[in-house]
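Engineer: Throughout the sequence shown, residue numbering follows the numbering used here, covering 3 to 176 in sequence.
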Amino acid sequence: MLRPGQMPARRKAAFPPSVDEGTRLLILGSLPGDASIRQGEYYAHRGNAFWALMSDVLGEDLRVRPYAMRLKRLKARAVGLWDVIESADREGSLDSAIRGAELRDLSAFVDRLPALEAVAFNGKTAALHGRRQIGLRPGLTLIDLPSSSGAFASMSREAKRSAWMAMAPYVGGE
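#1: On the premise that L105 lies in contact with H131, defined as a C-beta separation below 8 Å, what is that separation, rounded to the nearest angstrom?
#2: Please classify P34: is it buried, with 16 or more other beta-carbons within 10 angstroms of its beta-carbon, or exposed?
#3: Hey, A80 and L142: beta-carbon distance below 8 Å or not?
#4: Any idea which residues DSSP pairs N124 with across the strands?
#5: By Cβ distance below 6 Å, which residues in the same chain neighbour R72 in space, the five residues on each side in sequence not counted?
#6: Taking only the alpha-carbon atoms, compute the straight-line gap between I100 and D91 and give it to the nearest angstrom.
#7: If the criterion is Cβ atoms closer than 8 Å, does the pair G24 and N124 meet it?
#8: When you compare the CB positions of R159 and A37, do they come within less than 8 Å of one another, or not?
#9: What do you get for S57, buried or exposed, if any count of 16 or more other CB atoms within 10 angstroms of its CB means buried?
#10: Output the residue ranges of the beta strand (DSSP E) runs that lie fully inside the stretch 30-106 and measure 3 residues or longer, sorted by chain position.
#11: Could you give the first and the last residue of the continuous alpha helix (DSSP H) run that contains A161?
#12: So, helix, strand or coil for A170, using DSSP?
#13: Smallest Cα separation from T165: which of V59, V86, K14, W53?
#14: What are the partner residues of S156, as DSSP defines its beta bridges?
#15: Please report the residue range of the alpha helix (DSSP H) in which A110 lies.
#16: Looking only at its chain, what residues have a beta carbon closer than 6 Å to the beta carbon of K77, apart from the 5 residues adjacent to it on each side?
Written as structure tokens, this is what we have:
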């Protein structure tokens, strides 16, 4: 039931995957936030630490590059991006506001990535839905990450960085 002055949630859709046949590490978020949807870019909100955290993992500053080059650099380092939710009703950008989620077929998707060694979940919502779909698979490491979202402020940036470094062994070199 809507409160006075409240707008109904609108259906929001995720982006296509950013992967290729060399993807060794797949990072799955939940569903892009409003700033990302407006800009058509993964992790576009200035308060989201994703690009800073990935810069730490890769040892190169992605933040200084244009978005298209960021994706290109991730692919060059064998890192792919996608989301566990195809579309959902959501007012605002918080995962807690997601309703009526249509989940992706992640099981079939990971089967089509021949070099995949690890899947990392950016936040609890991504881990909940992603782990359920992918399940345990021999040779595939599943990594739960603290959310890069600025809304998850109960953990320090340094603590997030430490947890995100678990992905470093799966990042390709040049």
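In this text, a Cβ means the ideal position worked out from N, Cα and C, and glycines have one as well.
Here the structure is a predicted model, which is why all the values come from computation and not from measurement.
Structural biologist: So, from the listed chains and residues:
#1: Taking the sequence shown and counting its residues from 1, one reaches residue 131 at position 129. Taking the sequence shown and counting its residues from 1, one reaches residue 105 at position 103. Contact flag correct, Cβ pair sits at about 6 Å.
#2: Here residue 34 refers to the residue found at position 32 when the sequence shown is read from its first residue. Looking at its Cβ environment, which holds 16 or more other Cβ atoms inside 10 Å, P34 is buried.
#3: In the sequence shown, the residue the question calls residue 80 occupies position 78. In the sequence shown, the residue the question calls residue 142 occupies position 140. Taking 8 Å as the Cβ cut-off, A80 and L142 do not qualify as a contacting pair.
#4: Position 122 of the sequence shown holds residue 124. In the DSSP output, where bridge partners are listed per residue, N124 has L147.
#5: Counted from its first residue, the sequence shown places residue 72 at position 70. The residues are L64.
#6: Position 98 of the sequence shown, counting from 1, holds the residue named residue 100. Position 89 of the sequence shown, counting from 1, holds the residue named residue 91. Their Cα atoms are separated by approximately 6 Å.
#7: Position 22 of the sequence shown holds residue 24. Position 122 of the sequence shown holds residue 124. Cβ atoms of G24 and N124: not closer than 8 Å.
#8: As a position in the sequence shown, residue 159 is number 157, starting the count at 1. As a position in the sequence shown, residue 37 is number 35, starting the count at 1. No, they are not a contact pair.
#9: What you label residue 57 is simply residue 55 of the sequence shown in a count that begins at 1. Buried.
#10: 81-85, 87-92, 101-105
#11: The residue given as residue 161 occupies position 159 in the sequence shown. Unbroken alpha helix (DSSP H) run through A161: 159-166.
#12: Your numbering for residue 170 matches position 168 in the sequence shown. In the structure shown, A170 sits in a helix (DSSP, three-state: H, G or I).
#13: The count along the sequence shown starts at 1 and reaches residue 165 at position 163. The residue you asked about is not Thr; residue 165 is Ala in the sequence shown. Looking at the Cα atoms, V59 is the closest of the given residues.
#14: In the sequence shown, residue 156 corresponds to position 154, counting from 1. In DSSP, S156 forms no bridge with anything.
#15: Reading the sequence shown from its first residue, position 108 is the one you call residue 110. Looking at the DSSP string, the run of the alpha helix (DSSP H) that includes A110 is 108-113.
#16: Reading the sequence shown from its first residue, position 75 is the one you call residue 77. D22.
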